[in-house]
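A.B. asks:
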């Protein structure tokens with residue numbers, strides 16, 4: 001442990017980052033900036049290849065950062081035998097939901113199987129993936145402790161004793177793609193360990209690259225913390241989405257209400273409605289707790305209600321699109337509908353769980369003639385749930401005026417909103433970006 | 444209108460404030476500080492008498508402020524004929540719930556009947572009471588417009604035309620008793636009017652005493668804004684209360700989780716669990732919207748869920764008290780249970796809807812031998828729902844050690860928590876104030 005700690009403090013530690021996506025890649029870059037040598041692991045050969053060519057596949061991550069990391073010794077690989085050569089292993093793999101909204105830990109299990117033959121004494125293993133409280137203590141601890149050493153099997157002794165010759169921590173990622181006010185370095189980071197020693201090493205490691213680490217008493221507290229952050233958002237967004245529908249019926253502008261309420265200097269935080277939830281965290285993580293709660297015989301009713309309301313928002317928008325077209329004597333079927341914005345929030349190129357894709361699928365299913373405009377996309381990349389073959393159009397008066405309806409799904413700042421209102425005959429606005437008028441319908 | 448506006452700006456306006464409670468009294472004082480002459484109206488003769496004697500009946504309102512107001516010409520009265528002598532009327536009466544959670548506007552209706560014979564041209568009437576969106580436009584407007592003038596009755600003409608010779612505004616109160624960071628003057632105030640003129644006069648009036656007024660487009664937007672602020676709180680508190688119960692079952696300290704999550708510098712605002720909701724706003728106001736939503740065929744499911752969970756919290760605490768006593772072989776029946784704290788939040792003397800009273804009633808019903816300690820109360824004043832006859836005890840080692848169980852219901856800062864933990868054999872802590880230990884049970 002002492003040598004591990006001094007390696008951390010001298011930035012001589014070799015770090016293996018597993019999962020080179022929205023979480024792992026910025027983390028690897030940040031460690032590399034501080035002089036740590038990084039080995040990046042991913043099962044996706046394409047990503048490995050791109051990174052080793054110095055290319056980025058995430059818009060907000062610059063190629064210059066990848067190149068700088070390479071100059072600092074970074075290599076990407078899909079060969080997990082190289083785990084034997086690192087001192088610390090940080091797991092940043094996805095934790096999605098299964099088809100019945102149950103936790104899908106297959107990426108974590110797959111990673112554990114991949115690294116198992118190559119683990120060695122005095123390594124520090126840290127999980128960053130969001131997951132239910134108990135994962136580290138109930139899954140990772142027994143897994144590590146079941147790895148048998150070279151002793152005669154009659155001893156039933158593990159090669160590793162956590163906290164003594166192997167160290168295990170949990171530190172949830174808090175990445176916020178597109179956030180211009182905070183970076184990996186300036187977002188405080190929760191750290192935890194299975195034992196005191198594990199916590200000390202985990203905290204010391206992140207202290208090298210993060211301005212403020214926040215130690216908590218156990219991995220399950222850290223796991224619950226991350227989930228609570230996302231529950232908070234999912235529930236607050238669900239609440240404004242429910243109130244939005246009511247406000248529409250009462251002829252009240254919900255955005256005016258939210259902005260007025262936000263002038264209260266205490267006790268209120270504004271959340272804004274939208275066409276549905278997106279991103280990898282908010283729509284997914286809360287259900288990890290829902291699943292776990294059943295083990296102790298409890299329900300998580302706010303999470304379930306938020307899930308139900310947020311999941312139904314795209315259907316509400318589709319209905320508003322149908323009503324708008326109907327008011328000018330048209331049907332969705334056969335109408336030319338132009339979708340503005342694909343990403344799940346503005347000014348980013350992240351399609352994960354984006355409601356725009358859901359909207360496009362629903363409208364195509366109803367026979368709509370769909371096209372889209374998004375400054376970040378020329379085509380729509382295939383995702384886990386959607387496989388939409390459309391080519392992006394250009395934003396200009398002709399494109400706008402030739403559509404029967406414009407559906408503003410993501411309000412990128414790049415869009416020329418004056419041009420949009422000037423040249424569109426009918427607009428459905430899901431983001432409260434445009435002024436209400438006869439041909440602008442809020443949804 | 445012009446003369447009204449110049450009277451406002453010259454602080455020559457005479458203002459009638461109706462309802463001299465937690466909202467009306469600080470408002471009257473604030474106007475008086477700026478030189479306005481105030482007539483205070485209340486149907487409670489006792490309050491009128493006390494005020495005219497220079498006495499305060501609300502802890503955080505100083506007698507010096509009442510005296511200063513009297514020196515400035517303030518008089519309290521229950522004689523509504525004096526309405527004829529004021530230029531502006533501000534209604535600050537309670538808007539509670541009926542027994543079926545329906546809006547009880549009886550105080551507003553009573554006020555309107557009381558003032559009706561005495562209204563005159565060119566008065567400005569403003570409602571401050573929290574209420575459902577539509578109240579001002581659907582109830583006050585037709586009421587004012589139905590007041591017939593001296594014209595022959597065949598004309599069916601009203602004495603008043605709103606916006607021309609009578610002005611009607613809505614400006615929701617945002618009082619927060621006990622808040623040391625903000626006062627009536629420094630809390631921005633939402634203002635609205637039935638017409639442009641009404642808005643202008645309402646805004647100009649509050650501009651004389653409030654640092655920042657926030658005009659909105661209609662009274663119903665202002666009404667919805669106030670309700671939304673309280674829905675936000677009710678739902679967020681409901682959410683942490685639900686998660687608290689789950690955390691207890693999973694052996695996770697919910698306060699540690701909340702405080703760790705609060706280190707996230709965006710996207711999270713901490714709310715804390717408790718033994719139930721209190722105060723006049725949070726437990727009540729949201730249901731005004733629930734009731735109104737039915738008119739347009741919609742439900743407000745977040746409000747209903749929050750209401751259900753928050754309402755059940757005292758029962759959860761009572762169950763924890765029972766479990767704690769049971770663990771030492773005792774029953775609630777016959778046990779000496781000492782309640783610490785009566786108010787609905789710490790450091791104030793406000794009992795409105797306080798869960799402590801609910802807890803005391805529930806425990807008495809189960810045969811508990813109940814006593815209480817609260818620095819602000821020697822006895823328990825009768826409230827709308829509770830009539831508890833107990834005398835307060837003194838906080839000392841003897842009182843603490845003679846109780847079978849201490850129930851910390853409100854965590855006033857005045858309490859000596861070291862003394863409490865040192866001399867109590869069993870504590871149920873509903874506020875996360877004490878460290879967990881064998882004899883401290885979180886509830």
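Protein chains in written order, with my numbering: chain A, 1 to 443; chain B, 444 to 886.
Positions of the beta carbon are idealized from the N, C-alpha and C atoms, including for glycine.
Under 8 Å by Cβ, that's how I've got residue 612 of chain B and residue 569 of chain B pegged, so tell me the actual separation to the nearest angstrom.
C.D. replies: Contact flag correct, Cβ pair sits at about 4 Å.
A.B. asks: Unbroken beta strand (DSSP E) runs of length 3 or more, entirely within the stretch 739-824 of chain B: which are they?
C.D. replies: 779-783 and 812-816
A.B. asks: Please identify the residue among B:853, B:841 and B:477 whose C-alpha is closest to the C-alpha of residue 862 of chain B.
C.D. replies: B:841
A.B. asks: Using C-beta distances below 6 Å, list every residue in its chain close to residue 313 of chain A, excluding the 5 sequence neighbours before and after it, in chain order.
C.D. replies: Cβ within range, chain order: 241, 275 and 276.
A.B. asks: What's the gap between the Cα of residue 888 of chain B and the Cα of residue 261 of chain A?
C.D. replies: The question about residue 888 of chain B has no answer, for chain B in this structure spans 444 to 886.
A.B. asks: What does DSSP give as the partner residues of residue 656 of chain B in its beta bridges?
C.D. replies: Looking at the DSSP assignment, residue 656 of chain B forms a beta bridge with B:632.
A.B. asks: Within 10 Å of its beta-carbon, does residue 572 of chain B have 16 or more other beta-carbons around it, so buried, or fewer, so exposed?
C.D. replies: buried
A.B. asks: Which residue from A:396, A:403, A:400 and A:351 puts its Cα closest to that of residue 388 of chain A?
C.D. replies: A:351
A.B. asks: I'd like to know if residue 583 of chain B contacts chain A, where contact means its C-beta is closer than 8 Å to some C-beta of that chain.
C.D. replies: At a cut-off of 8 Å between C-beta atoms, residue 583 of chain B does not count as an interface residue with respect to chain A.
A.B. asks: In the stretch 397-413 of chain A, which residues sit with their C-beta less than 8 Å from some C-beta in chain B, listed in chain order?
C.D. replies: none
A.B. asks: What does residue 158 of chain A pair with, by DSSP beta-bridge criteria?
C.D. replies: A:148
A.B. asks: Tell me, please, whether the CB atom of residue 693 of chain B is closer than 8 Å to any CB atom in chain A?
C.D. replies: So yes, residue 693 of chain B belongs to the interface.
A.B. asks: So is residue 609 of chain B buried or exposed if we call it buried at 16+ other beta carbons inside 10 Å?
C.D. replies: buried
A.B. asks: Indicate whether the contact test is met: 3 or more Cβ pairs, each with one atom in the stretch 872-879 of chain B and one in the stretch 806-820 of chain B, closer than 8 Å.
C.D. replies: no
A.B. asks: Relative to the C-alpha of residue 273 of chain A, which candidate in A:309, A:304, A:285 and A:292 has its C-alpha closest?
C.D. replies: Nearest in C-alpha terms to residue 273 of chain A, of all of A:309, A:304, A:285 and A:292, is A:309.
A.B. asks: Quick check on the burial criterion: 16 or more other C-beta atoms within 10 angstroms. Buried or exposed for residue 55 of chain A?
C.D. replies: exposed
A.B. asks: In the DSSP assignment, what residue or residues form a beta bridge with residue 613 of chain B?
C.D. replies: Here residue 613 of chain B is bridged, per DSSP, to B:570 and B:635.
A.B. asks: Leaving out five residues on either side along the sequence, give the residues of the same chain with a beta carbon under 8 Å from the beta carbon of residue 659 of chain B.
C.D. replies: 633, 634, 635, 665 and 668
A.B. asks: Listing by chain order, which chain B residues have their CB less than 7 Å from the CB of residue 269 of chain A?
C.D. replies: Those are 712, listed as they occur along chain B.
A.B. asks: On the three-state DSSP scale, how would you describe residue 221 of chain A?
C.D. replies: helix
A.B. asks: Using a Cβ-Cβ cut-off of 8 Å, state whether residue 688 of chain B counts as contacting chain A.
C.D. replies: yes
A.B. asks: Could you check how far apart the C-beta atoms of residue 15 of chain A and residue 88 of chain A are, in whole angstroms? I think they sit under 8 Å.
C.D. replies: 5 Å
A.B. asks: Where do the N-terminal and C-terminal ends of the beta strand (DSSP E) with residue 872 of chain B fall, by residue?
C.D. replies: 870-872
A.B. asks: Count the other C-beta atoms from every protein chain shown that fall within 10 angstroms of the C-beta of residue 541 of chain B, then say buried if there are 16 or more, exposed otherwise.
C.D. replies: exposed
A.B. asks: For residue 526 of chain B, which option in B:555, B:511 and B:502 has the closest C-alpha, if you only look at C-alpha atoms?
C.D. replies: Looking at the Cα atoms, B:555 is the closest of the given residues.
A.B. asks: Can you tell which of A:120, A:424, A:339 and A:426 has the C-alpha that lies nearest to the C-alpha of residue 411 of chain A?
C.D. replies: A:339
A.B. asks: Would residue 508 of chain B pass as an interface residue toward chain A - the criterion being a Cβ-Cβ separation below 8 Å?
C.D. replies: no
A.B. asks: Is the CB-CB distance between residue 802 of chain B and residue 761 of chain B below 8 Å?
C.D. replies: yes
A.B. asks: By the three-class DSSP mapping on this structure, what secondary structure does residue 77 of chain A have?
C.D. replies: In the structure shown, residue 77 of chain A sits in a strand (DSSP, three-state: E or B).
A.B. asks: So for residue 479 of chain B, helix, strand or coil by DSSP?
C.D. replies: coil
A.B. asks: Note down, in chain order, all residues in the stretch 610-643 of chain B with a beta-carbon under 9 Å from any beta-carbon belonging to chain A.
C.D. replies: 617, 619, 622, 624, 625, 629, 630, 631, 632 and 633
A.B. asks: Roughly how many whole angstroms lie between the Cα atoms of residue 581 of chain B and residue 245 of chain A?
C.D. replies: 21 Å
A.B. asks: Do you know how far the Cα of residue 115 of chain A is from the Cα of residue 196 of chain A?
C.D. replies: Distance between the alpha carbons of residue 196 of chain A and residue 115 of chain A is about 24 Å.
A.B. asks: Name the chain A residues that come within less than 8 Å of residue 681 of chain B, Cβ to Cβ?
C.D. replies: Simply 302.
A.B. asks: By Cβ distance below 6 Å, which residues in the same chain neighbour residue 29 of chain A in space, the five residues on each side in sequence not counted?
C.D. replies: 65 and 69
A.B. asks: If you drop the 5 nearest sequence neighbours on each side, which residues of the same chain put their C-beta closer than 6 Å to that of residue 838 of chain B?
C.D. replies: Cβ neighbours of residue 838 of chain B beyond the five flanking positions: 816.
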